[in-house]
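Following: one structure in structure tokens, then a few remarks.
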Amino acid sequence: MKNKAQIFNKLLKLTLDYKFAMLTATLMAFLAVGSGIGLMMTSSFIIASAALQTPIFKLQVAIVGVRFFGIARGIFRYLERYFSHNITFKLLAKFRIWFFQSLEPLIPSKKFDLTSGDLLSRATEDVESLEHFYVRVISPPLVFLGISLLMFILLGIFDIRYSFIFSILFVGSGIGIPILTLILSRKIGIELVNLKA
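Under numbering that gives the first Met the number 0, the first residue of the sequence shown carries the number 0, and numbering increases by one thereafter.
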């Protein structure tokens, strides 16, 4: 466990050179999700108002809102993909350099308990799996926290109780599901690496 924490901290340090780019990509992801929420809220308002036969002129702001959030979601999603893919390739290159620089001093004396097949697997597939480090490890928790705060504020406008109910369910699912996925996938991942080695 301590070794895993050290590796995780090392990976985080390797990403610090791209912290501003990562913050930009995370902001774009937050705005994309936020635009989706805004689109859902404004469209729901229009549907509910139409059921009550509300005059069309009273819905003009909501109609503009639907168009705005619909366009904004596509733009922000594109920008988020652009920045996140750019970061992903840069991080993958940096992780590869770090891996081989760490491995090179050990090769002459063979100070590692790995077969040649296992070593090749780690040098290729394991390092390439780190390309998702930002997309799956760093970005989601940050966007999760931002959206949690946004929804807490929006629901609090109607009733603060809705905010707390949402927070409990949202945080519970946001923490519980990843932990369950980790438990179920850990054994499968180890077996897959051993088979490929």
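C-beta: ideal position from N, C-alpha, C; glycine also.
DSSP places L144 in the uninterrupted alpha helix (DSSP H) bounded by 138-157. In the pairwise beta carbon analysis, the stretch 17-25 is classified as touching the stretch 137-155: at least three pairs are separated by under 8 Å. For V32, the enclosing alpha helix (DSSP H) has its first and last residue at 18-50. The Cβ atoms of L10 and F132 lie closer than 8 Å to each other. Taking 8 Å as the cut-off, the beta carbon of L30 is found no closer than this to the beta carbon of G69. R135 has its alpha-carbon roughly 34 Å from the corresponding atom of A61. In the displayed model, P177 falls within a helix according to three-state DSSP. When C-beta atoms of the stretch 81-97 are compared with those of the stretch 38-57, fewer than three pairs fall below 8 Å, so the two segments do not count as touching.
Shortest Cα-Cα distance from Y17 to any of P140, N85, Q100 involves N85. When the Cα atoms are used, I182 and I174 turn out to be separated by approximately 13 Å.
Taking a C-beta distance under 8 Å as the contact criterion, L149 and G33 qualify as a contact pair.
DSSP, reduced to helix, strand and coil, places T53 outside both helices and strands of the structure shown, so it counts as coil. Straight-line spacing of the CA atoms in E130 and K12 works out to 15 Å. With contacts defined by Cβ atoms closer than 8 Å, L58 and I45 form a contacting pair. Of the candidates L168, F157, I176, F94, F94 places its Cα closest to the Cα of F7. Here F67 has no same chain residue with a Cβ atom under 7 Å from its own Cβ, once five neighbours each way along the sequence are excluded. No Cβ-Cβ contact shorter than 8 Å links A4 with F82.
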